[in-house]
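Residue numbers (the UniProt record's numbering): 1 to 359.
Each residue gets a CB set at the ideal place from its N, CA and C atoms; glycine is no exception.
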Amino acid sequence: MASVVNFDREKELKAFDETKSGVKGLVDAGILNIPGIFIRPPDELSEELNYSNLQVPVINLQGIENSDTRKQIVSQVQQASEQWGFFQVLNHGIPQRVTEGMIDGVRLFHEQDLETKKQLYTHDFTRKVRFNSNYDLFQSRSANWRDTLALTMMPSDPLCADDLPESCRFTSMEYLSHILELGDTLIELFSEALGLEVDHLKAMECTKGHNTVCGHYYPACPQPELTTGIRKHSDSTFITILLQDQIGGLQILHGDTWVDVEPIAGALVVNVGDFLQIVSNDKFKSVVHRAQVNKAEARISVPCFFHGSMAHSTEYGPIKHLVSEVNPPVYRSFQVNDYMKKFFSTRLDGQELRNLFKI
């Protein structure tokens, strides 16, 4: 077990943040030992959980236009959402050149000249395009070994090409158009899997409101056993669609067992978020997951978070069709704007934020 010599945590956090160079800046400087701000607390380092060779479900979307095939796909989505909260999809309709282009674009952004990246460095979440390392840097118990380029899409202020970094401008615009379309397709499947009309969740603007795509870069780490790429957490979304490279590192908590989400060529990872668990009244599960880092090479992942409408006039709660006297509402209604304020002011430590909204 590693020990951390007493240090001025706030001072080191501020010094790291002021460099605006992120975790990659530390690696480029040739460090052999990770700074104390990245070392997980003793209780996390000593945590013993089982590991499993189980695999998350894989769903082939080919033939989704055929009614019989669609019924089979909907059934698979239902089972995966109830039992796992995660699944991978094949034949999702996004061309390989587009997904590979997005991965390459994220890599180019993070590996470009530092001075160019610094211009976008901010913790201001109202900015549509921002670069930083750890959104909760000053709230967390330990910093994540990860840098992020975040692109936020809002109906009232849509992204345009000129907003994006030149290094990934056109690859990002093409990927964004495809991933939003896939989000609509998947939310229809989730609607049907809940026994609702195909457009029920779409009519609730689950995929048409505030959406964010993040280009995460996890540099190679000299001491991966002491830190993590992102701590265990669940997503404050309706759904999340993840594009990842072939390095691996994503793990989900299935019962009391950590399961690796092994990269599959051509596949995207889909998971149920807290909001979908709430509106489904616990029928679908938003599960805890995390990302590990490695010593050998950098990893890239690109999640798209579908947060729903942030309008003050829009409230989300258990869908009326899914509650009854024998299955009463588990949660009170909430506004996404309020939920996200709590999210950004709360450290990521594995505690599901949705529990604050239980009745």
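Quick check: the Cα distance between residue i and residue j, rounded to an integer number of angstroms?
i, j, result
"S46", "S177", "43 Å"
"A193", "H289", "23 Å"
"D124", "D147", "15 Å"
"S3", "R40", "Residue placement at S3 cannot be trusted, given a pLDDT of 44 that sits under 50; the coordinates are not used to answer."
"D256", "L120", "40 Å"
"K342", "R354", "10 Å"
"M1", "P42", "Low local confidence applies: a pLDDT of 41 at M1 is under 50, so the model's placement there is unreliable, with the coordinate-based value given in what follows. Cα-Cα distance, rounded: 8 Å."
"T237", "D68", "30 Å"
"D136", "E325", "40 Å"
"A265", "Q246", "7 Å"
"E115", "P155", "31 Å"
"residue 444", "K320", "Absent from the structure is residue 444, since the part of the chain shown begins at 1 and ends at 359."
"E197", "S191", "6 Å"
"F86", "S172", "25 Å"
"V74", "H216", "30 Å"
"E315", "T99", "34 Å"
"L164", "F7", "38 Å"
"S21", "V58", "38 Å"
"V323", "G209", "25 Å"
Measure from the alpha carbon of residue i to the alpha carbon of each residue in the options, then state which is nearest.
i, options, result
"V106", "L243, D136, S75 and F38", "L243"
"I300", "V213, W258 and P318", "V213"
"D338", "E325, K320 and A311", "A311"
"D162", "K128, L182, P219 and P318", "K128"
"G308", "A80, I94 and T152", "T152"
"V336", "G63, G317, V330 and K283", "G317"
"F306", "L182, Y217 and G248", "L182"
"G248", "F7, C160 and P263", "P263"
"R141", "K232, L90 and V287", "K232"
"G101", "A80, R169, V56 and V89", "R169"
"L186", "T228, M340 and Q78", "Q78"
"L108", "E166, T228 and T314", "E166"
"A203", "D184, C221 and A220", "D184"
"L13", "N327, D28 and N134", "N134"
"D274", "L149, V89 and M340", "M340"
"residue 396", "T126, P328, D282 and Y331", "The structure shown does not extend to residue 396, since the chain is modelled only from 1 to 359, so the question has no answer here."
"N281", "F16, E82 and P224", "E82"
So the beta strand (DSSP E) residue i belongs to, where does it begin and stop?
i, result
"A267", "Run containing A267: none; DSSP gives neither H nor E here."
"M173", "Taken as a continuous stretch (DSSP letters only), M173 belongs to no beta strand (DSSP E), being part of the alpha helix (DSSP H) at R169 to A193."
"M154", "Premise fails: M154 is in no beta strand (DSSP E) and is neither H nor E."
"I252", "L250 to H254"
"S301", "R299 to F306"
"R231", "I230 to H233"
"residue 361", "Residue 361 lies beyond the range of the chain shown here (1 to 359); nothing can be said about it."
"T212", "N211 to Y218"
"L242", "I239 to Q244"
Give me the Cβ distance between residue i and residue j, rounded to the nearest whole Å; I'm assuming they're in contact under 8 Å.
i, j, result
"I37", "N144", "I37 to N144, Cβ: 10 Å. No contact."
"H92", "L61", "6 Å"
"I241", "L276", "Incorrect: roughly 13 Å between the Cβ atoms, too far for contact."
"V270", "I239", "6 Å"
"N33", "P219", "In fact, because the Cβ distance is near 15 Å, the residues do not count as touching under 8 Å."
Which word fits residue i, buried or exposed, when buried means at least 16 other C-beta atoms lie within 10 angstroms of its C-beta?
i, result
"K117", "buried"
"L356", "exposed"
"L250", "buried"
"K11", "exposed"
"E297", "exposed"
"E205", "buried"
"Y51", "exposed"
"N211", "buried"
"Q96", "exposed"
"D113", "exposed"
"A291", "buried"
"K295", "exposed"
"A80", "buried"
"N66", "exposed"
"Q139", "exposed"
"C160", "exposed"
Which first and last residues belong to the alpha helix (DSSP H) in which residue i is found?
i, result
"L13", "R9 to T19"
"T257", "Here T257 belongs to no alpha helix (DSSP H); instead the beta strand (DSSP E) covers T257 to D260."
"V27", "G22 to D28"
"T99", "Q96 to H110"
"A291", "Not the alpha helix (DSSP H): A291 falls in the beta strand (DSSP E), residues H289 to A291."
"F86", "It is not in any alpha helix (DSSP H) - F86 instead sits in the beta strand (DSSP E) that spans F86 to L90."
"V279", "D274 to V279"
"H312", "Note, H312: premise wrong, no alpha helix (DSSP H); not H, not E."
"T116", "L114 to K118"
"D43", "P42 to L45"
"residue 367", "An answer regarding residue 367 cannot be provided, because it is not within the stretch 1 to 359 covered by the chain."
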